[in-house]
Each structure stands twice: as C-alpha cells, then as structure tokens.
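Data first, discussion second: the structure below is written as structure tokens.
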Amino acid sequence: MNKITRRQALGTTAGTLSALGLLGAAAHSATAASPAPAAPVGTVDEVFQGRRIQISPATGGGHHGGHHGSDLPTVRIDGRELHVMRNADGTWISVVNHYETFADPTSLARAAVRDLQGAQLAPFAPMGGAA
24 MNKITRRQAL
34 GTTAGTLSAL
44 GLLGAAAHSA
54 TAASPAPAAP
64 VGTVDEVFQG
74 RRIQISPATG
84 GGHHGGHHGS
94 DLPTVRIDGR
104 ELHVMRNADG
114 TWISVVNHYE
124 TFADPTSLAR
134 AAVRDLQGAQ
144 LAPFAPMGGA
154 A
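Rendered as structure tokens:
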C-alpha cells in the first residue's frame, strides 16, 4: 500500500492554495474593473460574532498622519485599534486581511473578527515608529 509522504502532501496543498489564489485574484480583477465612487464612512457601533466593532469617521487630523493622510477612519475591535489602509481603487485592507480587499471598513472589520477567531488584536507599531 502506497503512503503519501509529508513532502508530497505539503506540495499538493501548496499547489492547490496557489491555484485558488490565482482564481480569486482573477475573479476580483474582473469585478473591480470599474470601482464605485467612494462613499463617506459613517459611525458604526455593533456586535459581530460576540466582538464589538466600532468605526469612527476621519476627523481631519487623523491618528495616522504623515504619508497615510488623514482620511482614514478609526476601526476598533473590542477597543483595540485595527490598522486599516485604503487602496487606490477605493477598496480597503487591514493588517489582519492584508491580501484580501473589502468594499468598506465595516466589511473589513467583520472579516478581521472572523479571521481572529477569538484572538485579541496586538498593538500595531508602524515601521520606524513607536506604538
């Protein structure tokens, strides 16, 4: 009886995940060909899967400052800030979901809650700066 080796299993898994990633990227690029105009981000305070999500609109001065600009909302999960970034096409990413884009900060925060699977956010310190 032939047994699959660990190396073969990892190679097969890596190949499958790569193929799925390429399919997902192709599907995303097809749907993101003409992005919708950016809608202003409002205040959100909700509980999603037992975690409290709070989103405050940008205040103009912005906690991000510097090269990030001041148009980014503050997104918190259970009181801890989730660092978010806006892409040129108007989609959103975070440090939790850096390779997956979302249409708005609320969708991004909900995906982060799912991916955290109960874990707490760690403090984020940008490169070259202190938290």
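If you're matching positions, the sequence shown starts at 24 in our numbering and goes up one per residue.
The beta-carbon is built from N, C-alpha and C at its ideal position, and this holds for glycine as well.
The shortest C-alpha to C-alpha distance from MET108 to any of ASP101, ILE100, GLY102 and ASN120 is the one to ASN120. A Cβ-Cβ distance of about 6 Å is found for the pair GLY65 and PRO80, placing them in contact under the 8 Å criterion. CA-CA distance, GLN140 to THR35, rounds to 26 Å. The DSSP assignment places 128 to 139 as complete runs of the alpha helix (DSSP H) inside the segment 120 to 154, in order along the chain (cut-off: 4 residues). Judged by DSSP in its simplified three-state form, GLN72 adopts coil rather than helix or strand. Rounded to the nearest angstrom, the gap between the Cα atoms of ALA126 and ALA111 is 12 Å.
The three-state secondary structure of THR35, taken from DSSP, is helix.
Proximity to PRO146 across LEU105, SER117 and ARG133 peaks at LEU105, based on C-alpha coordinates.
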